[in-house]
Amino acid sequence: MKTLRSVVLSLASLWALALCQQSVQLGMAPDSFDDQYTGCTEEMETDIAPRLLEEEKARHPLLGSMWGNLSAVWAIKKKRLSVPEGFRDEHGIAILVYTDSSKPLYWELNKAVREAGVSRDNYMSNFHFKALHYYLTRALQLLRADCGHLFRRQLFRGVRSIRFEPSGAGMFRFGQFTSSSLDVALARSYGNATFFTLRSCFGVHIESFSAIPSEREVLIPGSEVFNVSSFSREGNRSVFLLHSMNRTCSHYNCAYLGGECRPALEREQARLGHLGTGTSQSQRKPLNGWLRCDPHLRLI
Numbered sequence: 001m002k003t004l005r006s007v008v009l010s011l012a013s014l015w016a017l018a019l020c021q022q023s024v025q026l027g028m029a030p031d032s033f034d035d036q037y038t039g040c041t042e043e044m045e046t047d048i049a050p051r052l053l054e055e056e057k058a059r060h061p062l063l064g065s066m067w068g069n070l071s072a073v074w075a076i077k078k079k080r081l082s083v084p085e086g087f088r089d090e091h092g093i094a095i096l097v098y099t100d101s102s103k104p105l106y107w108e109l110n111k112a113v114r115e116a117g118v119s120r121d122n123y124m125s126n127f128h129f130k131a132l133h134y135y136l137t138r139a140l141q142l143l144r145a146d147c148g149h150l151f152r153r154q155l156f157r158g159v160r161s162i163r164f165e166p167s168g169a170g171m172f173r174f175g176q177f178t179s180s181s182l183d184v185a186l187a188r189s190y191g192n193a194t195f196f197t198l199r200s201c202f203g204v205h206i207e208s209f210s211a212i213p214s215e216r217e218v219l220i221p222g223s224e225v226f227n228v229s230s231f232s233r234e235g236n237r238s239v240f241l242l243h244s245m246n247r248t249c250s251h252y253n254c255a256y257l258g259g260e261c262r263p264a265l266e267r268e269q270a271r272l273g274h275l276g277t278g279t280s281q282s283q284r285k286p287l288n289g290w291l292r293c294d295p296h297l298r299l300i
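Residue numbers for the sequence shown, in full-length UniProt numbering: 1 to 300.
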């Protein structure tokens, strides 16, 4: 009887877990804030980002305390690192802040990133991680190696409570900073509702910079475009094999300085999963200096 009761309880737990799992379709994340800051890094570095950082640390006590504490950690860590030209202390501290999973700030940042790109007005008024987004984005750009260096290595990502499903388009962006690992067992320990095996071109192996080096993390920018090479369902699990298309796409560039390229029609097409369909070659050119997020356009 005890054994039967244990089996029943186990089955009930599995059923409850299945009911709690949220099903989400992967797409081009049209509401994501995806600025790449092309052409305005000097202005951002010297004036805008430092000022915004002070404002945002004052507004968000957790960001302020983490930035202060991890600045001391970075001062020690950087002595053992070789960093590229242009890599500043703020870039290293931003990586530490993001990877310090003892605090939920990375979760708050990604939630805000997924929603801030609805409009430039929304970004300006309601996105309170402008400096952190800039410093983290710039860190990945500066540390990024050639695609061939990373692409040959398999990466893994496990998700605990969301069962992702592919869209009909076959291409998607994560639309947020996305952690993956070179360690398959560690990735599975983070969740198995969805499991990704992937190859990235724009991800950065940040193990030496991370607050938790043992995670062997490769951090992927939300703007990288992936193709779903295969998908299967294993019970209540979704299993993906992804390959980078060696391109990124962004709706925003230098948004703080006024840059935006997303007409309402294009935004709606992206939300419906039709972005790029039937687009002529002439329509794929930059608009007002900013690049359309067209998955048929090579942006590297």
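The beta carbon of each residue, even a glycine, is placed where N, CA and C say it ideally should be. Since the structure is predicted, the reported quantities are computational estimates derived from the model, not experimental observations.
Asked: Environment of Thr194 [buried if 16+ CB atoms lie within 10 Å]; Found: buried
Asked: Limits of the unbroken beta strand (DSSP E) element including residue 302; Found: Residue 302 lies beyond the residue range present for the chain, which begins at 1 and ends at 300; the question has no answer from this structure.
Asked: Gln25 versus Asn236 - alpha carbon distance; Found: 15 angstroms
Asked: Start and end residues, beta strand (DSSP E) containing Arg199; Found: Thr194 to Arg199
Asked: Distance, Ile48 Cα to Phe151 Cα; Found: 34 angstroms
Asked: 7 angstroms Cβ cutoff met for His91 and Tyr135; Found: yes
Asked: For Leu17, the three-state DSSP class (helix, strand or coil); Found: Reliability fails at Leu17, whose pLDDT of 45 lies under 50, so the model's placement of it is uncertain and the value that follows must be treated cautiously. Leu17 falls in the helix class under three-state DSSP.
Asked: Minimum C-alpha distance to Glu217 - residue among Lys103, Ser250, Leu96 and Lys57; Found: Leu96
Asked: Selected residue, minimal CA-CA separation from Phe202, among His149, Val118 and Arg163; Found: His149
Asked: Test item: CB-CB of Val225 and Ser232 under 7 angstroms; Found: no
Asked: Alpha-carbon to alpha-carbon, Ser250 and Arg292; Found: Note that Arg292 has pLDDT 49, beneath the 50 cutoff, so the model's placement of it is unreliable and no number is given.
Asked: 7 angstroms Cβ cutoff met for Ala75 and Leu132; Found: no
Asked: Any non-hydrogen atom of the ligand ATP within 6 angstroms of His251 CB; Found: Absent from the structure shown: the ligand ATP. Ligands present: none.
Asked: Bounding residues of the alpha helix (DSSP H) (the contiguous stretch that carries Ser125); Found: Arg120 to Asn126
Asked: Extent of the continuous alpha helix (DSSP H) to which Val73 belongs; Found: Pro61 to Lys77
Asked: Exposure label - Asp121; buried when at least 16 CB within 10 Å; Found: exposed
Asked: Neighbourhood of Phe87 by C-beta, 8 angstroms cutoff - its chain only, sequence neighbours within 5 removed; Found: Ala139, Leu142 and Leu143
Asked: Own chain partners of residue 383 with C-beta closer than 7 angstroms, once the 5 adjacent residues on each side are dropped; Found: The structure shown does not extend to residue 383, since the chain is modelled only from 1 to 300, so the question has no answer here.
Asked: Continuous alpha helix (DSSP H) stretch holding Leu242: start and end; Found: Careful: Leu242 lies outside any alpha helix (DSSP H), inside the beta strand (DSSP E) at Arg237 to Thr248.
Asked: Inter-residue spacing [alpha-carbon to alpha-carbon] between residue 301 and Phe129; Found: Outside the shown range of the chain, which is 1 to 300, sits residue 301, and nothing can be said about it.
Asked: Where Arg80 falls, given that 16 or more other Cβ within 10 Å makes a residue buried; Found: exposed
Asked: Contact under 7 angstroms by Cβ, Arg157 with Ser32; Found: no
Asked: Alpha-carbon spacing of Gln22 relative to Ser161, whole angstroms; Found: 6 angstroms
Asked: Burial state of Glu42, where buried means 16 or more other Cβ atoms lie within 10 Å; Found: exposed
Asked: Range covered by the beta strand (DSSP E) that runs through Gln141; Found: Note, Gln141: premise wrong, no beta strand (DSSP E); alpha helix (DSSP H) at Lys130 to Leu143.
Asked: Gly158 - DSSP class collapsed to helix/strand/coil; Found: strand
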